[in-house]
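*Asks:* With this note's numbering applied, the sequence shown corresponds to residues 7 to 286, in that order. Using N, Cα and C, we set each Cβ at its ideal position, and we do this for glycine too. If you scroll down you'll find the structure; I have some questions about it.
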Amino acid sequence: MSAWLPAGLCTPRLCARHEGAARAPLPAAVLLCAGCALTLLGVLCVPAVLLLGPSRRDQLIRRWAYAVVRAFGVRVQITGDPVGPDRPASGELVVANHVSWLDIPLVAAALPARMVAKSEIRGWPVLGPLAALGGTLFIERHRLRALPDAVRALAGALAAGSRVAVFPQGSTWCGRCRDGRFRPAAFQAAIDAGAAVRPVRISYRTRTGANAAGAAAFVGDDPLAASLWRVVTAAGLTAEIRIMPPVPAGAEAGRRGLACAAQSAVARDSANLPASSVHH
């Protein structure tokens, strides 16, 4: 366990299962191929997209990320606090609960940002160099001594005006329990940079409104292939991303207070969230 990578309690056997309507194997296989193909296309286009201006680049990232989630057969709803097309001039730290690999394109569909990833990804063939080109911030989450450098890197990106997205739970959680608290390290970076924190809540449900976190959950040692197949065979799966109002870095006493405030906003019951929505 570390400050960046705590051990999650969720396991594939207990948490990663779909109990609702199922899609037939053939259409599920078509969705799987479509989703993987669109993901690969986006990866290959990264060098060209980086040549565009920030506004045009964000627009393309939003459309591509939304299309990726839809290609895997998942409906998308973006709700809550309206966000304009332009990034904030002072930088913004986007923090969200973490359920699935789907969370990454979901956040990008709503709020394109530089992602925080473990340093091992930098060495992956093809994906590693492209992630670096895309502005990914790599951190060594297994080394506590690397934590101050990681915080400084995050603060530097925020101070330069970047929007940075992080999953402060440090691991994926299916959402059926109240564990997976927000770790405070990333919030120190927001305080150091004077950047606002934008809480985001991610949830998954069926067409009837039932909780479908089990279908989307990518937890523990669950193989990616198994998770992909579970998603495309889950009929009527909807992903909802709720955007909360930003919390100023100085609004709470210290990084722990800021982390608690963001976690409370994410955990808030949907009935208490703003009614204004942007539906897709």
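Spell out the partners DSSP gives residue 45 in its beta bridges.
*Replies:* Its beta-bridge partners do not exist; DSSP assigns none.
*Asks:* So residue 111 is in the alpha helix (DSSP H); what residue range does that whole segment cover?
*Replies:* Unbroken alpha helix (DSSP H) run through residue 111: 109-116.
*Asks:* With residue 143 as the anchor, note down where its beta strand (DSSP E) starts and where it stops.
*Replies:* Here the beta strand (DSSP E) through residue 143 covers 143-145.
*Asks:* Would the beta-carbon of residue 159 fall within 7 Å of that of residue 142?
*Replies:* In this structure, residue 142 does not lie closer than 7 Å to residue 159 by Cβ.
*Asks:* Output the distance between the C-alpha atoms of residue 210 and residue 23, rounded to the nearest integer angstrom.
*Replies:* Approximately 13 Å, taken between the alpha carbons.
*Asks:* Output the boundary residues of the beta strand (DSSP E) element that contains residue 86.
*Replies:* Segment 81-86, the beta strand (DSSP E) holding residue 86.
*Asks:* Keeping to the same chain, check which residues put their C-beta closer than 8 Å to that of residue 157; ignore five residues upstream and five downstream.
*Replies:* 191, 192, 194, 195, 198.
*Asks:* Tell me, please, which residues DSSP counts as bridged to residue 295.
*Replies:* Because the chain in this structure spans residues 7 to 286, residue 295 falls outside the shown range and cannot be described.
*Asks:* Just checking, does the region 103-122 make contact with the region 250-262 on the three C-beta pairs under 8 Å criterion?
*Replies:* As far as the Cβ criterion goes, the region 103-122 does not touch the region 250-262, which means the pair count is below three.
*Asks:* Could you compute how far the alpha carbon of residue 77 sits from the alpha carbon of residue 176?
*Replies:* Those two C-alpha atoms are separated by around 27 Å.
*Asks:* Is it right to say residue 61 is buried, meaning 16 or more other beta carbons lie within 10 angstroms of its own, or is it exposed?
*Replies:* Residue 61 should be labelled exposed.
*Asks:* Please check the pair residue 80 and residue 245, which I expect to be a contact at CB under 8 Å, by giving their CB distance rounded to whole angstroms.
*Replies:* That pair is a contact at about 5 Å.
*Asks:* For a quick check, are the C-beta atoms of residue 169 and residue 258 less than 7 Å apart?
*Replies:* No. Outside cutoff.
*Asks:* For the beta strand (DSSP E) containing residue 178, list its first residue and its last residue.
*Replies:* Run containing residue 178: none; DSSP gives neither H nor E here.
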